[in-house]
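Quick note on numbering: the working numbering labels position 45 of the sequence shown as 224, and the sequence is numbered without any gaps.
Here's the structure, in structure tokens; my notes come after.
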Amino acid sequence: HNKVLHERVLFVTVENLDVPEARTRMQVQELAPGIHRVVLRYGFMESPNIPRDLELIRDHGVEFDPMQASYFLSREVMVKGSAPKLPLWRRALFLLMVRNATPATEFFRIPYDRVVELGVRIAI
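What follows is the structure in structure tokens.
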């Protein structure tokens with residue numbers, strides 16, 4: 180989209196754990212100079228806040244300013260397909276649940292004005 184390689188790039192993965200609270204919030208791995216893989220872990224009783232928690236990366240020697248960050252998110256848009264793979268009632272229920280789900284930007288508390296969503300349409 181913007182056809183540049185930024186000075187600092189973080190590939191962030193969020194892991195949801197089957198425990199109330201994660202013992203270790205962050206794992207950081209340097210892939211190349213200025214490029215890091217970050218794993219953020221959350222227990223089922225915790226509320227993710229990606230910008231706040233990414234500030235912890237400074238403890239790993241990586242500069243990060245949440246007010247200067249851009250977040251690139253994936254987005255799947257579910258649509259009715261011509262050849263349903265599910266019974267109609269299940270497909271309708273699934274599509275209703277997808278439409279009513281909390282958007283990732285809201286769930287992870289990412290500022291809307293800092294997000295670029297890259298999406299794909301999936302026929303159900």
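No residue lacks a Cβ here, since even glycine has one placed at the ideal position from N, Cα and C.
In DSSP terms, what residue i is bridged to
i	result
Val-188	Ile-214
Asn-195	Tyr-221
Met-205	Leu-219
Whether residue i touches residue j by CB criterion (8 Å)
i	j	result
Gly-298	Val-258	no
Val-241	Val-207	yes
Val-294	Leu-233	no
Val-217	Ile-236	yes
Ala-248	Arg-220	no
Val-198	Gly-222	yes
First through last residue of the alpha helix (DSSP H) which encompasses residue i
i	result
Tyr-275	First, the residue type needs correcting, since residue 275 is Leu and not Tyr in the sequence shown. Segment 267-279, the alpha helix (DSSP H) holding Leu-275.
Leu-297	Here Leu-297 belongs to no alpha helix (DSSP H); instead the beta strand (DSSP E) covers 294-302.
Arg-231	229-233
Ile-283	According to the sequence shown, residue 283 is Ala rather than Ile. It spans 283-286 - the alpha helix (DSSP H) in which Ala-283 sits, taken as one unbroken run.
Bounding residues of the beta strand (DSSP E) (the contiguous stretch that carries residue i)
i	result
Glu-255	250-258
Would you be able to state if there are at least three C-beta pairs under 8 Å between the segment 258-277 and the segment 218-228?
Touching, no, given that fewer than three Cβ pairs across the two stretches are closer than 8 Å.
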